[in-house]
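The next block holds one structure in the form of structure tokens; read it before the comments.
Number of protein chains: 2
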Amino acid sequence: MKRYRNGEIWDYEEQMPVSDAARDVILGLDGGTTSTVCICMPILPFSDPLPHPVPVLARAVAGCSNHNSVGEAAARETLEQVMGEALAKAGSNRSAVRAVCLAVSGVNHPSDQQRILDWLRDIFPSDVRLYVQNDAVAALACGTMGKLHGCVLIAGTGTIAYGFTEDGRNARAAGAGPTLGDWGSGYGIAAQALTAIIRAHDGRGPHTALTSSILEKLGLSSPDELIGWTYADPSWARIAALVPEVVSCAEAGDEVANKILFDSVEELGLSVKAVVQRLDLCGPDGKDSFPLVMVGGVLEANKRWDIGKEVIRCISKDYPGAVPIRPEVEPAVGAALLAWNCLMKESVKEAFKC
Amino acid sequence: MKRYRNGEIWDYEEQMPVSDAARDVILGLDGGTTSTVCICMPILPFSDPLPHPVPVLARAVAGCSNHNSVGEAAARETLEQVMGEALAKAGSNRSAVRAVCLAVSGVNHPSDQQRILDWLRDIFPSDVRLYVQNDAVAALACGTMGKLHGCVLIAGTGTIAYGFTEDGRNARAAGAGPTLGDWGSGYGIAAQALTAIIRAHDGRGPHTALTSSILEKLGLSSPDELIGWTYADPSWARIAALVPEVVSCAEAGDEVANKILFDSVEELGLSVKAVVQRLDLCGPDGKDSFPLVMVGGVLEANKRWDIGKEVIRCISKDYPGAVPIRPEVEPAVGAALLAWNCLMKESVKEAFKC
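Sequence lines, in order, name chains A and B.
Heads up: the first sequence begins at 1 in the numbering used here, then just goes up one per residue.
Heads up: the second sequence begins at 1 in the numbering used here, then just goes up one per residue.
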């Protein structure tokens, strides 16, 4: 194994023996745009049904690990640190790791995947199985308990739809950031609301209750001040945090807010439909059932104006076989289950060879 | 006069006497998002018609001076440097300056204006007249030769419509940046084109010739790579630079590109109409004439698909009194003429008092 830059993260390994419970473990990582979660899970027996709840030995949290947002060096350091912490908390270390699944946002191209794989290879012994996926894949897996089949829709600050067929083909829609038109996202909803305020103010659009609601929330006295406010810090999450105001205004009957939410439902539905159609997830008669995993703050509102429910309604009209799932485990557990599933399949293949 | 931070910019003043031609001058500044231009103009006799061309003693150029983009300290330094350079080139210095008009982007609120005025006050003797305006005002003035009346539409990287009545009321529309929905701008057009490529690629939208045209221009091999490309440098100007590709595709008959341009025309027209309506520039019967100054790369295309011409057509339908003007002098000269106009009015007022 080569020496790696943050070697001191692993110093604890020399002082602490591996506990019995942590002799064979899997690491699952979920690297989103705001935080990175790593869980450490024991290897489950392949033959048994999955235990409920899924056993998790330890959990660690760190900051953003999207290399597009924070740069590669910072992303690597964050990922290495959070894995070291999860293993130490579990009373385990790298020698016990059998597989790692790293699901991280910003993996959009095979070259992204390869770069991260190369670097993981520097950290772990050569027999450790390594899987690198877009974070949407872990979100799917946390709804399907590790099985890559169906479609996941994530709508938090950003949005993406990602799907897999049972024979391993995959497709995605959206997930490209606001410049490239992810309009159904939390950022998209809130940016449309801010736009509506400016348009009402300068005479391009109708009056809306969003003006007083959002200005009050932000402590601003005039729509003009929104310009300075957006310039001051263009982070998407800061803007997306205004979604609850849009939902409240829509619930109170504001037409502009309602239109924004209905447009968002249509955009989110369109992303899922594009994936379902390209992968033919609904089968030749259009009625095959497939898991539709729904993840992210925008879909979990559960208020009177329930965006998630409306999206499901919109998709079910075209694809009645969609089976909506709101995951009970977090995406990092999904990543670990995904690694476990892959390990299991590979073992079966090897067994048949013998 | 207080000491100011960049005093050394003015060191030349002690070594160089003011030339005869430069004994009474006006500075006009245009501070956009990419560069800042300062011109030095002699005081023109108030009674005579404006000479053609307008006499300019010197011109200096520096980088961005939008305090929202580069921070206040850098913006101040840039502005001070470019004024010092223009005066030195003209063989003049601060003792000869009668008025300064600084038209700079990022002046969206009276507090922005006051902050910049306070700081100019530190640089110039107390009898120098100082005017601080949004850069759109200089753009209007360069079309009307210093008179604040009518409406200007700027559409370059960003877009804004700004209007004045003859009695000094003013109104604006758009000019709030892409987060707040400046969709008719160069950035808006190009971002919609990039969005259309992603949507065609992932199955959410129709096929478009924009894909091959823009990928080739950027040297990318797949739409997936656009995600990394936009993340790598989110500057609006870099994205807006793709407008010529959109125009070419529209000229070649691509439906998606045509729709983007027509939507942009509608957005730009709407901004102007909102200003005209709020200021009642077209008079009670809707037919009064008013100058409509058209500025910026998006409006100056002059290709077969002429966005500027279409915008004029769109506005003239509702307001037949709009008189389109493509300015012959640059906005910095407009700023100087504006200062000259204000000086003249104030002198007339003072003369009547006596």
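We put the beta carbon where it would ideally sit given N, CA and C, even for glycine.
{"Asked": "C-beta atoms of Asp135 of chain A and Ser105 of chain A nearer than 9 Å", "Found": "yes"}
{"Asked": "Leu218 of chain B: first and last residue of the uninterrupted alpha helix (DSSP H) it sits in", "Found": "210-218"}
{"Asked": "Tyr319 of chain B - DSSP class collapsed to helix/strand/coil", "Found": "coil"}
{"Asked": "Exposure of Gln114 of chain B, with buried meaning 16 or more beta-carbon neighbours within 10 Å", "Found": "exposed"}
{"Asked": "Host alpha helix (DSSP H) of Phe359 of chain B (start-end)", "Found": "Residue coverage of chain B in this structure runs from 1 to 354, which leaves residue 359 of chain B outside it and unanswerable."}
{"Asked": "Cβ-Cβ separation, Val333 of chain A to Ile39 of chain A (assumed contact under 8 Å), whole Å", "Found": "6 Å"}
{"Asked": "Reduced DSSP category for Cys142 of chain A - H, G, I as helix; E, B as strand; rest coil", "Found": "helix"}
{"Asked": "Chain A contacts made by the region 201-217 of chain B, where a contact means CB separation under 7 Å", "Found": "Asp202, Gly203, Arg204"}
{"Asked": "Same chain, Cβ closer than 8 Å to Ile260 of chain B, neighbours up to 5 away in sequence not counted", "Found": "Ile189, Gln192, Ala193, Ala196, Val246, Ala250"}
{"Asked": "For Ala174 of chain B and Leu117 of chain B, the rounded distance between their alpha carbons", "Found": "24 Å"}
{"Asked": "Rounded straight-line distance, which links the Cα of Asn68 of chain B to that of Val107 of chain B", "Found": "9 Å"}
{"Asked": "Within 9 Å, strictly: CB atoms of Arg129 of chain B and Leu343 of chain B", "Found": "yes"}
{"Asked": "At least three beta-carbon pairs within less than 8 Å, the region 306-325 of chain B to the region 278-296 of chain B", "Found": "yes"}
{"Asked": "Contact between the region 194-213 of chain B and the region 270-283 of chain A (3+ Cβ pairs under 8 Å)", "Found": "yes"}
{"Asked": "As assigned by DSSP and simplified to three states, the class of Ala252 of chain B", "Found": "coil"}
{"Asked": "is_contact[Met1 of chain A, chain B] using C-beta, thresh 9 Å", "Found": "Any answer about Met1 of chain A is weak, because its pLDDT of 40 lies below 50 and its placement is not dependable; what the coordinates show is given next. Answer no: the Cβ-Cβ gap between Met1 of chain A and chain B never drops below 9 Å."}
{"Asked": "C-alpha gap between Tyr4 of chain A and Glu77 of chain A, whole angstroms", "Found": "At Tyr4 of chain A the pLDDT is 48, less than 50, meaning the model places this residue with poor confidence; the figure from the coordinates comes in the next sentence. Each residue's alpha carbon lies about 10 Å from the other."}
{"Asked": "Bridge-paired residues (DSSP) for Phe352 of chain B", "Found": "Note: Phe352 of chain B sits in no beta bridge, so no partner."}
{"Asked": "Contact residues within the region 260-284 of chain A, judged by C-beta distance below 7 Å to chain B", "Found": "Leu270, Ser271, Ala274, Gln277, Arg278"}
{"Asked": "Selected residue, minimal CA-CA separation from Ile325 of chain A, among A:Glu80, A:Gln15, A:Cys151", "Found": "A:Cys151"}
{"Asked": "Span separating the alpha-carbon of Ser271 of chain B from that of Gly163 of chain B", "Found": "11 Å"}
{"Asked": "Member of A:Thr144, A:Val348, A:Gly31 whose CA lies at the smallest distance from the CA of Glu328 of chain A", "Found": "A:Thr144"}
{"Asked": "Spatially closest choice to Glu266 of chain A from A:Val311, A:Pro45, A:Asp306, by CA coordinates", "Found": "A:Val311"}
{"Asked": "Contact list for Glu225 of chain A against chain B, beta-carbon separation under 7 Å", "Found": "His109"}
{"Asked": "Rounded C-alpha distance that separates Asp263 of chain A from Gly184 of chain A", "Found": "7 Å"}
{"Asked": "Bounding residues of the beta strand (DSSP E) (the contiguous stretch that carries Ile9 of chain A)", "Found": "First-last for Ile9 of chain A: undefined, no H or E at that position."}
{"Asked": "Thr159 of chain A vs Gly186 of chain A beta-carbon contact at 9 Å", "Found": "yes"}
{"Asked": "Member of B:Leu140, B:Ala252, B:Leu29 whose CA lies at the smallest distance from the CA of Glu80 of chain B", "Found": "B:Leu29"}
{"Asked": "Minimum C-alpha distance to Ala62 of chain A - residue among A:Leu50, A:Val56, A:Thr33, A:Pro45", "Found": "A:Thr33"}
{"Asked": "Where Leu180 of chain A meets chain B, residues with beta-carbon distance less than 7 Å", "Found": "Leu194, Thr195, Ile198, Leu226, Ile227, Thr230"}
{"Asked": "Boundaries (first-last residue) of the beta strand (DSSP E) holding Gln133 of chain B", "Found": "129-133"}
{"Asked": "Interface positions of the region 139-163 of chain A facing chain B (Cβ-Cβ less than 9 Å), listed along the chain", "Found": "Ala161"}
{"Asked": "Backbone secondary structure at Ala406 of chain A - three-state DSSP", "Found": "Shown here, chain A extends from 1 to 354; a query on residue 406 of chain A therefore has no answer."}
{"Asked": "Chain B within 9 Å of Ile239 of chain A, Cβ atoms only", "Found": "yes"}
{"Asked": "Contacts that Gly219 of chain A makes with chain B (C-beta to C-beta distance below 8 Å)", "Found": "Under the 8 Å cutoff, chain B gives no residues; its nearest Cβ is about 15 Å from Gly219 of chain A."}
{"Asked": "Separation of Gly84 of chain B from Trp10 of chain B, as counted between CA atoms", "Found": "6 Å"}
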